[in-house]
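What follows is a single structure, written as structure tokens, with notes after it.
Number of protein chains: 2
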Amino acid sequence: MARPHVVIVGAGFGGLATAKALHRAPVDVTLVDRHNFHTFQPLLYQVATSGLASADVAYPVRGIVARQANLAFRQATVIGADLEGRIVHLHHDDHDVADLPFDHLVVAAGATANTFGIPGVDRHGFPLYNLADAVRLRNHVLERFEAAEARPALVDDGALTFVVVGGGPTGVEVAGALTELFHRVLRRDLPRLPVERARVVLVEMQDQLLAPFRAPSQRHALETLTERGVEVRLGAQVARVRADRVVLDDGEELAAHTLVWAAGVQANPLGRALGLATGRAGRIVVGADLQVPGRPGVWAIGDVAAIASGGRDGELLPQLAPVAIQSGRFVGAQIAAATTGRAPATSFRYRDKGTMATIGRSRAVAELPLGIRLWGLPAWLAWLGLHLVMLAGFRNRISVFANWAWNWLTYDRGPRLIFRSGPRRAG
Amino acid sequence: MARPHVVIVGAGFGGLATAKALHRAPVDVTLVDRHNFHTFQPLLYQVATSGLASADVAYPVRGIVARQANLAFRQATVIGADLEGRIVHLHHDDHDVADLPFDHLVVAAGATANTFGIPGVDRHGFPLYNLADAVRLRNHVLERFEAAEARPALVDDGALTFVVVGGGPTGVEVAGALTELFHRVLRRDLPRLPVERARVVLVEMQDQLLAPFRAPSQRHALETLTERGVEVRLGAQVARVRADRVVLDDGEELAAHTLVWAAGVQANPLGRALGLATGRAGRIVVGADLQVPGRPGVWAIGDVAAIASGGRDGELLPQLAPVAIQSGRFVGAQIAAATTGRAPATSFRYRDKGTMATIGRSRAVAELPLGIRLWGLPAWLAWLGLHLVMLAGFRNRISVFANWAWNWLTYDRGPRLIFRSGPRRAG
């Protein structure tokens, strides 16, 4: 009898966790991703702000796959499925559609930016969710400074004003890293430009930053960012955006060439493309065992899944790496149990191990279990250590660590490159 | 009286050498390049073969410029000049044309691939002269393997056959690095694919590889490449190329999806755009003092210049980094002398300090002054040391060294990523 075939869609934190949890199971696993690398999303903001090179946060999926005998990789995009016939339809980059049969299908396709229909954000906003986003923002930021040096009038036009929308961890991290890049690095690079006129404006709808954190951490973040020159606008929303203007809901207009969109995500639209029921922000509806109701053998995990928190009012778990990893492991174990005749667990339980966010050089906030809360340098060191451990690949760890040490000691940012690799060649 | 203004076009080896030689001169210098980084061209082949990340061989020009008080940088493309009026016309990436007046103009714009009009090479060939070329080739090579794994029939179609044209240092280095990538790294990555069927064919018009080297070095290169599985075709030329076919001049057809073009360069067409007289392969005609005849204050250096070797028959110096560096330093000194009333040197003399080429892991050839010739491991170590010293930027040196150590010890290639950063956003 052929071994059951498990198809995992997405090589993010969730998909990789599922694959690893199936290491010893009597199944064949195919991991499908449109990229040949896993992206370490928590550090994308450092690529966008010239602190790390793109290769530092990307790890070749085949380097992981080669270590697991029952695991294969396919670089392709999933464009649909015949769920009755148990087949997913793949599209390869430069040739036809192919079919891949499955016994279990794990949808781990992640999320994309949610612009909430605010006019102009789709067109002019810079999201920060994948590696291409990060490189695009890096190029754009550096180009604004080059343009302003060549034409100083562009400073008044908003070339050096950067609006970051969203006061969650990503927004706080980007705002902190941008102000550091400008005032520590680009000020030296562009001695003829009034770099002190560069502005970072952080816009947050709620009345505090870092909503999921406790009040003292929120205050620490606000004070640190403000000290470092970030203009924080609490209780404000973006009404509309043009290439050189950001209009807030109170009517204030900011002359700004850059809008970083960190205000929210929605599920990857794959759920809908597969004909699965989706809930809030397009997230796939799953049962307590993370299986799609009425679709045995079809599972959804991580950002793409609407996983109940177990709390009141049908609240959902947040779209964070630890949820993806834990839900991925759980589904891997479920499938392993199903194929070996063991009893599966009945429901997924998320264990919150805490949250962290950096606020630029030597500052962070961390809230850990047992009521442990860290701020400032200790939190920052904890953040560094955790992220080094989480990074896939020893080479990437060495490289990131060396870069961090270098950046910290010298205030340098090596990879401040304006570089587009461009399209494939004709033919 | 205003200080004389020196405009240097191109931030390659030559342009940077000129700028540095003007460090103490009573002049203002503007370095113009279309990229905001200097590219370390000798290591591009390692980016193309996944040994180094793109950021390892690129160094931000402003990191160099900030250390020299009389030096400014402008990211722009030179599109023409009014040589009588002493003005160059610049084009900035996203706005209008600007004028830049000069007293001295140093053209250091480098070279591009010369396809000698062979049908199909322009369209299907992969040159290896700038960073985008290297990333494009890396993406293409890795995609061939992904495609072949998804559709095994593509192996017969030529997906895993790579033709490298040109047996000079670049061709030898690429061929050696490709065969190593395939048989040491991708063989592990793609256990289901018959990677042993991957072919590297090196095509050289002459009867030996590495024309400028002596016969024993040439034999060492040929033997090492052959041992490692490269098929070397001496005395052969490419007649025409299609997306999946390379036809040689003796009528042999190779089913191959990839043609790496390392068979020759021509000068950047800027010389012609400026209305300067050009000689062989578009190189700008210069006098013995590297000034353009009849155009006092207009100089050309490095690959873009037709610099006489001083030998018989009007032979020209080769288009190599040491020539660019030495000619750049010479012109910097000439300009410094002219602006301080010292007597300029009358003619440029190139001092040949030797040549080196790697042939993959632990093997190289080096021919140094005083008749010192090295092969094998000693040559390879000499090559590593020299290139580390030549690299701009301490951070890049650390990163490249760490990557080399890692690659050598583990046979790993970290940055084997298929990644296109894509276009700028609309708006």
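Quick note, the sequences are listed as chains A and B, same order. Mind the numbering: the first sequence is residues 1490 to 1916 in this note's numbering, read in order. Mind the numbering: the second sequence is residues 1490 to 1916 in this note's numbering, read in order. Yeah, the Cβ is synthetic: ideal placement off N, Cα and C, and Gly gets one too.
Proximal chain B residues relative to residue i, where beta-carbon distance stays under 8 Å
| i | result |
| --- | --- |
| tryptophan 1895(A) | Arg1884 and Ile1887 |
Chain-ordered neighbours of residue i on chain B, where CB pairs are closer than 7 Å
| i | result |
| --- | --- |
| glutamate 1635(A) | Asn1525 and Gln1564 |
Proximal residues of chain B, C-beta to C-beta of residue i below 9 Å
| i | result |
| --- | --- |
| histidine 1581(A) | Glu1635, Ala1636, Ala1639 and Arg1640 |
| alanine 1891(A) | Arg1884, Ile1887, Ser1888 and Ala1891 |
| alanine 1834(A) | Simply none; closest approach about 33 Å. |
| arginine 1681(A) | Ala1561 |
Same chain, Cβ closer than 7 Å to residue i, neighbours up to 5 away in sequence not counted
| i | result |
| --- | --- |
| tyrosine 1900(A) | Arg1673 and Val1674 |
| glycine 1916(B) | Reliability fails at glycine 1916(B), whose pLDDT of 37 lies under 50, so the model's placement of it is uncertain and the value that follows must be treated cautiously. If we look at glycine 1916(B) and ignore the five residues flanking it on each side, it has no Cβ neighbours. |
| alanine 1827(A) | Pro1833 |
| asparagine 1896(A) | Gly1540 and Arg1902 |
| leucine 1453(A) | A question about residue 1453(A) goes unanswered here, because the residues of chain A that appear run from 1490 up to 1916. |
| glycine 1771(A) | Gln1755, Ala1756, Pro1758, Gly1760 and Arg1761 |
Amino acids of chain A, ordered along the chain, whose beta-carbon sits closer than 7 Å to that of residue i
| i | result |
| --- | --- |
| arginine 1784(B) | Here the premise fails: no neighbours, minimum Cβ distance about 27 Å. |
| valine 1624(B) | Ser1910 |
| arginine 1905(B) | Pro1549 |
Residues of its chain near residue i, where Cβ-Cβ distance is below 8 Å and the 5 sequence neighbours each way are ignored
| i | result |
| --- | --- |
| alanine 1561(B) | Asp1517, Val1518, Thr1519, Leu1520 and Val1554 |
| arginine 1551(B) | Asn1525 and Phe1562 |
| aspartate 1645(A) | Ala1744 |
| leucine 1699(A) | Gly1656, Gly1657, Pro1658, Val1661, Ser1706, Gln1707, Ala1710, Ala1846 and Val1854 |
| tryptophan 1750(A) | Ala1602, Thr1604, Val1610, Gly1614, Phe1615, Pro1616, Leu1617, Val1654 and Gly1655 |
| arginine 1784(B) | Leu1572 and Leu1765 |
| asparagine 1892(A) | Gly1540, Leu1541, Ala1542, Asp1545 and Gly1903 |
| arginine 1686(B) | Val1644 and Leu1649 |
6 Å Cβ shell around residue i - same chain, five flanking residues per side excluded
| i | result |
| --- | --- |
| aspartate 1696(A) | Leu1723 and Gly1724 |
| lysine 1509(A) | none |
| leucine 1857(B) | Gly1843 |
| methionine 1694(B) | Gln1726 |
| glycine 1542(B) | First, the amino acid is wrong: residue 1542(B) is alanine here, not glycine. Closer than 6 Å at the Cβ level, and outside the excluded window around alanine 1542(B), lie Pro1904. |
| serine 1851(B) | Leu1866 and Trp1869 |
| valine 1736(A) | Ala1728, Arg1729 and Glu1742 |
| valine 1586(A) | His1578 and His1580 |
| valine 1624(A) | Ser1543 |
| arginine 1886(B) | Leu1877 and Leu1880 |
| glutamine 1780(A) | Trp1788 |
| arginine 1633(A) | Ala1648 and His1746 |
Cβ pair residue i, residue j closer than 9 Å
| i | j | result |
| --- | --- | --- |
| alanine 1795(A) | threonine 1767(A) | yes |
| alanine 1558(B) | phenylalanine 1702(B) | no |
| valine 1889(A) | aspartate 1622(A) | no |
| threonine 1538(A) | valine 1652(A) | no |
| arginine 1909(A) | asparagine 1628(A) | yes |
| valine 1878(B) | alanine 1598(B) | no |
| leucine 1505(A) | alanine 1881(A) | yes |
| histidine 1527(A) | glycine 1569(A) | no |
| threonine 1650(B) | histidine 1746(B) | yes |
| alanine 1565(B) | aspartate 1582(B) | yes |
| alanine 1547(B) | threonine 1829(B) | no |
| glycine 1874(B) | threonine 1713(B) | no |
Residues that residue i contacts on chain A, provided the C-beta gap is smaller than 8 Å
| i | result |
| --- | --- |
| aspartate 1901(B) | Gly1552 and Arg1884 |
Amino acids of chain A, ordered along the chain, whose beta-carbon sits closer than 9 Å to that of residue i
| i | result |
| --- | --- |
| aspartate 1678(B) | Pro1549, Arg1551, Gly1552, Val1554, Ala1555 and Phe1562 |
| leucine 1620(B) | Leu1906, Phe1908 and Ser1910 |
Contact test: residue i Cβ vs the ligand MN heavy atom, cutoff 8 Å
| i | result |
| --- | --- |
| isoleucine 1497(A) | This structure lacks the ligand MN, and indeed carries no ligand of any kind. |
Contact list for the region 1542-1554 of chain A against chain B, Cβ threshold 9 Å: So the close ones are Ala1542, Ser1543, Ala1544, Asp1545, Ala1547, Tyr1548, Pro1549, Arg1551, Gly1552 and Val1554.
message: Under 8 Å: do the region 1771-1778 of chain A and the region 1631-1646 of chain A share three or more Cβ pairs, one atom per stretch?
response: Contact between the region 1771-1778 of chain A and the region 1631-1646 of chain A is not established, with fewer than three Cβ pairs separated by less than 8 Å.
- prompt: Using a beta-carbon distance cut-off of less than 8 Å, what residues from the region 1735-1754 of chain B approach chain A?
  reply: Within the region 1735-1754 of chain B, no residue has a Cβ lying closer than 8 Å to any Cβ of chain A.
message: Does the region 1522-1542 of chain A come into contact with the region 1571-1578 of chain A, if we say contact requires no fewer than three beta-carbon pairs (one atom in each stretch) closer than 8 Å?
response: No, the region 1522-1542 of chain A does not touch the region 1571-1578 of chain A.
- prompt: Between the region 1586-1612 of chain B and chain A, which residues of the former have CB atoms less than 9 Å from a CB of the latter, in chain order?
  reply: Taken in chain order, the members of the region 1586-1612 of chain B whose beta-carbon sits within less than 9 Å of a beta-carbon on chain A are Ala1587, Gly1609 and Arg1612.
field: At least three beta-carbon pairs within less than 8 Å, the region 1802-1809 of chain A to the region 1821-1831 of chain A
entry: By the Cβ test, the region 1802-1809 of chain A is not in contact with the region 1821-1831 of chain A, since fewer than three Cβ pairs between them sit closer than 8 Å.
task: Take every Cβ of the region 1809-1816 of chain A, pair it with every Cβ of the region 1744-1764 of chain A, and state whether three or more of those distances are shorter than 8 Å.
output: Fewer than three Cβ pairs drawn from the region 1809-1816 of chain A and the region 1744-1764 of chain A lie within less than 8 Å of each other, which leaves the two stretches out of contact.
task: Kindly confirm or deny that the region 1657-1665 of chain A and the region 1757-1766 of chain A touch, where touching means at least three C-beta pairs closer than 8 Å.
output: They do not touch, by the three-pair rule.
field: Validate contact between the region 1860-1869 of chain B and the region 1680-1690 of chain B using beta carbons, cut 8 Å, 3 pairs
entry: Under the three-pair Cβ rule at 8 Å, the region 1860-1869 of chain B does not count as touching the region 1680-1690 of chain B.
Segment contact, 8 Å Cβ cut-off, at least three pairs: the region 1490-1506 of chain A with the region 1590-1604 of chain A: Under the 8 Å Cβ criterion, the region 1490-1506 of chain A counts as touching the region 1590-1604 of chain A, having at least three qualifying pairs.
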